[in-house]
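Everything on this sheet refers to the single structure shown next.
Residue numbers (the numbering used here): 13 to 195.
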């Protein structure tokens, strides 16, 4: 009788995410992930044969979760303009929110496996499709989106440290700019 596979895919992905989060993107190795997940390297490579496969799975899972949150917000706030952007703004008020947790795996993918960024690229294309460049308000929404991404990346890379109060004030400025009737 064959042994039953008891390796939890999500536990491995969480372990890889933790390695990147706490040790940095440069520290991502299959050995470290296996140790963090408390499994053998063989068990890890049975589930994810390469570091690229592991990074793709992390990003696919994170992008899917994040996009689902934005879509759910959009569905319940369909009367609002740019509901997905508003959900993103809401979610980015926290200094250690889901957007920052996404930066490390993206950086790791850029360093170790650029081919694993397919779902991340698709997310950005999807988000931009929600922000057409037509009117002045639409262009303002795009500017807010890119400004927010800049803030998230700068903080996520550790290049700027803002207090929670300052971070919320900046996001509030983005929201006020989005809501402005004139540029």
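Heads up, the beta-carbon is just placed ideally off N, CA and C, and yes, glycines get one too.
Counting along the chain, residue 167 sits inside the alpha helix (DSSP H) bounded by residues 148 to 168.
In the structure shown, residue 145 falls within a coil segment according to DSSP collapsed to helix, strand and coil.
When 20, 159 and 47 are compared, the shortest CA-CA separation from residue 31 is found for 47. Rounded to whole angstroms, the Cβ separation of residue 126 and residue 29 is 19 angstroms, and the two are not in contact under 8 angstroms. For the 8 angstroms CB-CB criterion, residue 79 and residue 103 do not form a contact. Going by DSSP, residue 95 is part of the alpha helix (DSSP H) stretching over 95 to 103. Inter-residue distance for residue 72 and residue 119 is about 14 angstroms (C-alpha atoms, whole angstroms). Residue 185: member of the alpha helix (DSSP H) spanning 176 to 191, first to last residue.
With a contact defined as Cβ atoms closer than 8 angstroms, residue 153 and residue 190 qualify at about 6 angstroms. The continuous alpha helix (DSSP H) containing residue 69 extends over residues 63 to 88.
A residue is called buried once 16 or more other Cβ atoms fall within 10 Å of its Cβ, and residue 74 is buried on that count.
For residue 29, the uninterrupted alpha helix (DSSP H) segment begins and ends at 21 to 35. Within the model, the alpha-carbon separation for residue 160 versus residue 179 is close to 11 angstroms. Taking 8 angstroms as the upper bound for CB-CB distance, residue 24 and residue 57 are not in contact here, some 11 angstroms apart.
Only residues of its own chain outside the window of five on either side were considered, and among them 160, 183, 186 and 187 have a CB closer than 7 angstroms to the CB of residue 101, listed in chain order. Within its own chain, the residues whose Cβ lies closer than 7 angstroms to the Cβ of residue 131, once the five positions on either side in sequence are excluded, are 71, 72 and 75, listed in chain order.
Counting only the Cα atoms, residue 95 lies some 16 angstroms from residue 137. The beta-carbon separation of residue 123 and residue 61, rounded to 19 angstroms, does not stay under the 8 angstroms limit for a contact.
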